[in-house]
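Take any residue in the sequence shown, count from 1 to its spot, add 8: that is its number in the numbering used here.
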Amino acid sequence: MKNQLTILLPLLLSLVMSAKGLAQQHEQSNMEAPFAELAHKLSTELISGIEDLKAVPETEQEQLALQIVHREFAPHLDLRFSSLKLLGKHIRHLEQHQMAEFTGLIENQLINMYAKVLIEYKNSEIAMQTLQTNQGRKFAEATIQLNQESRGDTQLILKFRQSAKGQWRMYDVVSRQVSQLSVKRQSLVLKISEIGFEQLNKELRQRSSNRI
């Protein structure tokens, strides 16, 4: 009997560990699928948007870029995390209602910012060569390798964060090795130092017309 137990226990332990491992792999696969789908969708829309800009007169490109970003990207933006990244240490001095208002107002700024990225490539012959995704536990990146005839190969990197509910949302775009969120942060931090947060929010309210 002891010999049978000696043989069976390791076997049962092995089966339990195998089942646990398969369950973890299945769970990880379920988490990866939504990110991969979102990364592919937004990457495709970004390239398609750049192509669409070429088909309209220059006077209409600005508005079209805003429409594309508002329609395709805005629903997937992580406004809360973007706000935290933009404000940095200044967040410690804010009341909850101030932060909530800023998060609501910053959406227009982000839409304008990403529309500029589309317009930046409007005169280029672009083809997406590869889409590589790099997913961590809470953060992920989708790197789009572009063939730009005038400047050779370049990359656009879409950055994502996973919420506590498991949803993936985009919080930054890196174009020509420059984080668009970091550029925006520098200008906002300088503005806060010059005029204060309340005045900044007032100016953001006045800019809600979605102009670049």
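Using N, Cα and C, we set each Cβ at its ideal position, and we do this for glycine too.
| request: State the beta-bridge partners of S225 as determined by DSSP. | output: Lying outside 9 to 220, the shown extent of the chain, residue 225 is not represented and no answer is given.
| With contact counted as at least three CB pairs below 8 Å, one residue from each stretch, are the stretch 197-204 and the stretch 78-87 in contact? | no
| request: Please name the residue in F147, V186 and L94 whose C-alpha comes closest to that of Q117. | output: Along the sequence shown, one-based indexing puts residue 117 at 109. If we check each option's Cα against that of Q117, L94 comes out closest.
| query | How about V181 and Y129: do their beta carbons lie closer than 7 Å? | reply | Counting from 1 along the sequence shown, the entry for residue 181 is found at position 173. Counting from 1 along the sequence shown, the entry for residue 129 is found at position 121. The answer is no: Cβ separation not under 7 Å.
| I203 classed as buried or exposed, judged by whether at least 16 other C-beta atoms fall within 10 angstroms | Taking the sequence shown and counting its residues from 1, one reaches residue 203 at position 195. Under the 10 Å beta carbon count, I203 is surrounded by fewer than 16 other beta carbons and is classified as exposed.
| Going straight from the alpha carbon of Q36 to that of V77, what length do you get? | To locate residue 36, count along the sequence shown from 1; it is residue 28. To locate residue 77, count along the sequence shown from 1; it is residue 69. At Q36, the pLDDT of 43 sits below 50, so the modelled position is not reliable and the matter cannot be decided from this model.
| request: Could you check how far apart the C-beta atoms of T141 and A73 are, in whole angstroms? I think they sit under 8 Å. | output: As a working mapping, residue 141 is identified with position 133 in the sequence shown. As a working mapping, residue 73 is identified with position 65 in the sequence shown. Their Cβ separation, rounded to whole angstroms, is 25 Å, which puts T141 and A73 out of contact at 8 Å.
| query | Is Y129 helix, strand or coil by DSSP? | reply | Along the sequence shown, read from residue 1 onward, the residue named residue 129 stands at position 121. The DSSP-derived three-state label of Y129 is coil.
| Beta-carbon spacing of E115, L87 below 7 Å | Against the sequence shown, residue 115 aligns to sequence position 107. Against the sequence shown, residue 87 aligns to sequence position 79. In this structure, L87 lies closer than 7 Å to E115 by Cβ.
| message | Using DSSP's beta-bridge definition, name the partner residues of N209. | response | Counting from 1 along the sequence shown, the entry for residue 209 is found at position 201. Beta-bridge pairing links N209 to no other residue.
| message | Between which residues of its own chain and S171 is the CB-CB distance below 7 Å, once the five residues before and five after are set aside? | response | What you label residue 171 is simply residue 163 of the sequence shown in a count that begins at 1. So the qualifying residues of the chain are R177.
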